[in-house]
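Chains as they are written, first to last, in our numbering: chain A, 73 to 750; chain B, 56 to 337.
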């Protein structure tokens, strides 16, 4: 008849990070079960739990010893074990290793496969001894994201371990590491609580004001919250994560309520809720109609002076909300473009540029997705969502309360009177996107993050996933179920947007070689630069274009061409700096002055011819064709003022000039050309 | 309890617990950690216990004396126990009792809060200690200093004296703290706060400060090359404060900022290594 006892281990640490408590409990429980299973020790029901102060595992009905058993050990094959009936060195070595004799051996298998075996008797072992031997290894195998050393530590751990209660029935199991020895007591506020026997654990702890099971703590807390809810006629703003955290911070929960000045209710509710949660671990309170009331609810340890504590907490809450209100008010005086500019000072990830860079990439990717897959969306809305997808990261509010990222963006855009779809989209990109416009930006954002991380080599493997890419990938893929796009193309394009991607590096390498070759062929540096600045990489075409530039440069017309281009280019650069927009195409009805009508008419006349010539890659001739516009361009600039007040006229004029510049850009960026003497 | 009595009480408590009672170090700095008593004395392999008050200047937190909770200059009471004793937490809690906080009445929480100083190349794990939701102390087990893993792990306790005084005196505005009978914190500091805020946000000479930084940096290296570790460290402190000023003024782009931090951290490491070399020879 085997004897069975209850096993109890309880670890007292200095206050453990709440976010690690559950992992600690799980790791300890699994470690113990693993050892018991490996040693073939029977055990019954297992319970476990923890708080930031202690973690415990209770295992019922653990056998006090292992059973006697026979272990079969395979030795050499028969034909190598014996030579002419005599044992070989191989067999003697095997026997020596297991301290056995020739008479102990047995055989298994037939013919070629016949081999020597030993049936070794394993004597019963004491469970207590096994635990003494193997417990430290369980602790050493636990691993957490952040660990520390302390003077007594034998191995790193998230916080110093200060006591171990380890009992098997009524007897202490001796274990020692990091200069502590297992005891038959545990700690509460540095006082010892003696545990006479494992089975008495729960009772003794309860008598000492420690509710060991979190579920029980939760029931106590929630029933007290319920009383408050009835008294104040409303409900707390329930939050599972916050509840878990406060239940780990308090071993005998008590409820405290407090209030704050009504003036803070001018802050958006979500901001108040988030501030109290993240900074104070307090719950907010709403009335029956769901409107926020100026109350908060806190979880504390039973026995403190509720009145005093509540008053002190109110003071802290006021100060926090005062800060939030200050940040909120100073943020809303600005505008999203101001904050976008400040993104240049925030790193997205080291070596992957700033958040501003990321935003720019996301914009390009979003545009690419719409254009390549002909997705029916409101293009302007999509591009605005992309443009404002990151701005709130540089607001004071989000700097102080990072959890508000996304929510703050939406709230601010609403305050500033932006289209509601843009505001919701900006929040959606951070959380869960709903409309198609947001989904596109969301996908662009996720792909950019994943591609960037792979460029850095931070590739998830097994449980190694420092950047949480698996989650990003899952979210990306889920959202792709609602939209018909080929990710392959987008990923390739995304790669090309990173300056330090292997793709760009290869590209830059080849371009630098091409530059070299062209230089050796006698082209001038500025000529080469003007044609390489154009976004395609077709060496055949590059050569044709640079030859055209070279040829026309020797002619009288060249100066005319350059000045014409520069006039157009300069004004467009100015307009772009001011953030001016373009129409999709020139709108004839907005052409007012005869000079702009004439320029447009003549532009249309040469356009077909120009495109034809381009198709034949006769770039020299194409430049000559553009040159025909020179007179019209000069007259246009003499008589027409581009940057007029009237937005439609202005936009239209810019669009016209852009169409002309795009023509030039199909051949070269002439702004790179150095003109002697002017 | 007056502000001055709070300081005296804490010093008395830590003196009784074997601390050397030191003084703040008279070069501008952002935190007590930069004091010689912490930076150097946590590096070597000798035990050490110290308590001192450090006036700490943070241009970033300047608010023209208008914010009831934020200050350009505040006072930290700093305690180093090296090696960290196993009952560090208990010793700390007893110090709260010693200044009149009844632990059984209040909600005391240790919330995970790990600490890093990018310029000193230092980091540690620990908590912010809260009494009734108010953060009053940073409690840190140092792991590295000057970019060097510490042989002996110390514990650093940084008491926010103003916060504690506000708590004990029940006042809502830092300037209302009674420093001594008839003298308030505001009497001493309010005008200073205003003027230093004005100076840092409106009258800083950006180019000159950048020049200063470069000079301080070079001087620190020159001095170190001469084996003059402590003067070199003074210049590191000057670099650090100049950097903080430039940063608060908004004079630095992100890349520049990182670059400054990297330079100061590199310097801290060289000084730390040199100090250890000397210690080992001695």
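In this text, a Cβ means the ideal position worked out from N, Cα and C, and glycines have one as well.
Quick caveat, the model's predicted, so the values are computed rather than measured.
- Under the DSSP assignment, residue 697(A) falls in the alpha helix (DSSP H) whose first and last residues are 691-699.
- Just so you know, the alpha carbons of residue 232(B) and residue 241(B) end up roughly 7 angstroms apart.
- In terms of beta-carbon proximity, residue 474(A) stays away from the interface with chain B, with every pair separated by 8 angstroms or more.
- It is roughly 32 angstroms from the alpha-carbon of residue 173(A) to the alpha-carbon of residue 107(A).
- Note on residue 385(A): 16 or more other CB atoms within 10 angstroms of its CB, so buried under the neighbour-count rule.
- DSSP places residue 384(A) in the helix class (H, G or I) of the three-state scheme.
- Counting the other CB atoms within 10 Å of its CB gives residue 677(A) a total below 16, which places it among the exposed residues.
- Around the beta carbon of residue 746(A), fewer than 16 other beta carbons lie within 10 angstroms, which makes this residue exposed.
- Annotation: the continuous beta strand (DSSP E) that includes residue 358(A) extends over 355-359.
- Fully enclosed beta strand (DSSP E) runs of no fewer than 3 residues are not present anywhere in the segment 257-328 of chain B.
- Check the Cα spacing between residue 706(A) and each of 97(A), 461(A), 327(A) and 638(A): the tightest is with 638(A).
- Residues of the segment 374-388 of chain A with a C-beta atom less than 8 angstroms from some C-beta of chain B are 375, 376, 377, 380, 381, 384, 385, 387 and 388, listed in chain order.
- In the DSSP assignment, residue 572(A) falls outside any beta strand (DSSP E), carrying neither H nor E.
- Using a Cβ-Cβ cut-off of 8 angstroms, residue 234(A) counts as an interface residue toward chain B, since at least one Cβ of chain B sits closer than that to its own.
- By the criterion of at least three beta-carbon pairs nearer than 8 angstroms, the segment 221-241 of chain A is not in contact with the segment 116-133 of chain B.
- Contact annotation for residue 170(B) against chain A: no contact, minimum CB-CB distance about 11 angstroms [criterion: below 7 angstroms].
- Note on geometry: alpha-carbon atoms of residue 220(A) and residue 103(A) lie some 21 angstroms from one another.
- By the 16-neighbour rule on beta-carbons within 10 angstroms, residue 337(B) is exposed.
- The continuous beta strand (DSSP E) containing residue 371(A) extends over residues 364-373.
- A residue is called buried when at least 16 other Cβ atoms come within 10 angstroms of its Cβ; residue 179(A) does not meet this threshold and is exposed.
- Below the 9 angstroms Cβ cutoff, chain B contributes no neighbours of residue 347(A), its closest Cβ being approximately 12 angstroms away.
- Annotation: residue 215(B) to residue 260(A) spans about 27 angstroms, alpha carbon to alpha carbon.
- In the three-state DSSP reduction, residue 93(B) falls in the helix class (H, G or I).
- Under the rule that a run must span 3 or more residues, the beta strand (DSSP E) segments found entirely inside the segment 234-296 of chain A read 252-255, 257-260 and 263-266.
- If you check each beta-carbon in the segment 124-142 of chain A against every beta-carbon of chain B, none falls closer than 7 angstroms.
- Secondary structure at residue 178(A): strand, using DSSP grouped into helix, strand and coil.
- Close CB contacts of residue 238(A) within its chain, under the 6 angstroms cut and outside five residues either way in sequence, are with 81, 245, 247 and 254 (chain order).
- Chain A has no Cβ within less than 8 angstroms of the Cβ of residue 61(B).
- Between the beta-carbon of residue 322(A) and that of residue 371(A) there is about 5 angstroms, and that keeps the pair under the 8 angstroms contact cut.
- In this structure, 312(A) is the residue among 300(A), 312(A) and 304(A) with its C-alpha nearest to the C-alpha of residue 287(A).
- Excluding residues up to 5 positions away in sequence, 415, 427, 430 and 431 lie with their Cβ nearer than 7 angstroms to the Cβ of residue 462(A) in the same chain.
- Identification of residues in the segment 148-160 of chain B having a C-beta nearer than 9 angstroms to some C-beta of chain A yields 148, 157, 158, 159 and 160, given in sequence order.
- Measuring C-alpha to C-alpha distances from residue 132(A) to each of 202(A), 269(A) and 149(A) identifies 269(A) as the nearest.
- When DSSP states are grouped into helix, strand and coil, residue 215(A) belongs to the coil group.
- Counting C-beta atoms within 10 angstroms of its own C-beta, residue 488(A) has fewer than 16 neighbours from the protein chains shown and is therefore classed as exposed.
- In the three-state DSSP reduction, residue 158(A) falls in the strand class (E or B).
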